[in-house]
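Using mature numbering (1 follows the signal peptide of the UniProt record, and there is no 0), the letters of the sequence shown map in sequence onto residues -28 to -1, 1 to 223. No residue lacks a Cβ here, since even glycine has one placed at the ideal position from N, Cα and C. Scroll down for the structure; my scribbles are underneath it.
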Amino acid sequence: MSFRSLVVLATGVLAMILTVVAAPAAEAAPPTTRVLIIPGQYVGAVPFVPMADNLTSRGYPTTVLDLPGFDMKTDAKKIGAAVDRIHRDHPRDRIALVGHSIGGVSARYYLKEMGGHAKVATYVAAGSPQYGSPGACGQQAAPEVCPGTPFMTSLNKGDDTPGTTEYYGVRSAREWVDGHLDGGQCQVTPIPANESLPKLGLEHTFEPLDPKFWDVTVAAINGQCRGRFVTEPDGVLNYQKSALPGAPGYR
């Protein structure tokens, strides 16, 4: 090969190298927030499918965990396993837990007692009896959620909202309890009651089907507090203070 040919070849190779070096790196896609919905007791996953479809269509891939809500610690372990699967399959993505009713209690047990707060960006509890519900007292299903049990006492000892997870409490205007937590929490303005429903607690059951709940959930995922952010000190809250008019033990 002639000297001229070598010069031409070297020039071409150098140009290719410079092109590769100068080419801007492809921008990584922003992380996605993936949502896990934890149902309340007895209802199963089916009533939450419309909400899951809506959140997914809005850019938040959502899975409903079909948990029975009979044993809080067992359900919390299954929540943890689902969170770990998401982190394994989508390591860059964020995770939001949305727990309805008693599902919010098992989800919070996972966050506080099992270290889940280090893995979850957002926690939304809808209609959750954070300081217990008299409806659980004497029942075979989740009796540990009865106010004052060792389970509830331990869960609510110390900071209710540990770590960097953002905590949101949502409820309809008709509930037995307010769902408040101590520590840092966004108390979402109560969703107006569906006046077409009789005052028999059905608003609580139908919360997951209400688009207004979907909207405040999306706002929470995006870090928007549609209410007020509070920082209650530990020891101030209990069941009696969380009970609303019509609830057993209200005074």
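Simplified DSSP state of residue i, which is helix, strand or coil
{"i": "lysine 213", "result": "helix"}
{"i": "arginine 198", "result": "coil"}
{"i": "threonine 121", "result": "coil"}
{"i": "threonine 136", "result": "coil"}
{"i": "glycine 176", "result": "What sits at residue 176 in the sequence shown is histidine, not glycine. Correct three-state label for histidine 176: helix."}
{"i": "serine 105", "result": "coil"}
{"i": "leucine 69", "result": "strand"}
{"i": "tyrosine 14", "result": "coil"}
{"i": "arginine 6", "result": "strand"}
Same chain, Cβ closer than 7 Å to residue i, neighbours up to 5 away in sequence not counted
{"i": "tyrosine 82", "result": "Ala48, Ile51, Gly52, Gly88"}
{"i": "valine 21", "result": "Val36"}
Nonlocal neighbours in the same chain, by C-beta distance under 6 Å from residue i, ignoring five residues either side
{"i": "serine 105", "result": "Val117"}
{"i": "phenylalanine 65", "result": "Residue identity differs from the one stated: residue 65 is aspartate in this sequence, not phenylalanine. Closer than 6 Å at Cβ, skipping near neighbours: Pro3, Thr4, Arg6."}
{"i": "leucine 27", "result": "Val7, Thr34"}
Residue i versus the options, residue with shortest Cα-Cα distance
{"i": "proline 115", "options": "Gln13, Gly218, Gly221, Val160", "result": "Gln13"}
{"i": "valine 208", "options": "Ala145, Lys129, Pro180", "result": "Lys129"}
{"i": "alanine 17", "options": "Ile67, Thr136, Leu181", "result": "Leu181"}
{"i": "proline 122", "options": "Lys45, Arg30, Asp206, Leu39", "result": "Lys45"}
Whether residue i touches residue j by CB criterion (9 Å)
{"i": "glutamate 147", "j": "alanine 219", "result": "yes"}
{"i": "threonine 4", "j": "histidine 59", "result": "no"}
{"i": "aspartate 132", "j": "lysine 91", "result": "no"}
{"i": "glycine 100", "j": "isoleucine 74", "result": "Sequence check: residue 100 is serine here, not glycine. Yes, the Cβ-Cβ distance between serine 100 and isoleucine 74 is below 9 Å."}
Where the alpha helix (DSSP H) through residue i begins and ends
{"i": "proline 193", "result": "Per the sequence shown, the amino acid found at residue 193 is isoleucine instead of proline. It spans 183 to 193 - the alpha helix (DSSP H) in which isoleucine 193 sits, taken as one unbroken run."}
8 Å Cβ shell around residue i - same chain, five flanking residues per side excluded
{"i": "isoleucine 163", "result": "Val142, Arg143, Ser144, Ala145, Glu179, Asp182, Lys184, Phe185, Val188"}
Residue i: first and last residue of the uninterrupted beta strand (DSSP E) it sits in
{"i": "valine 160", "result": "155 to 160"}
{"i": "valine 96", "result": "94 to 98"}
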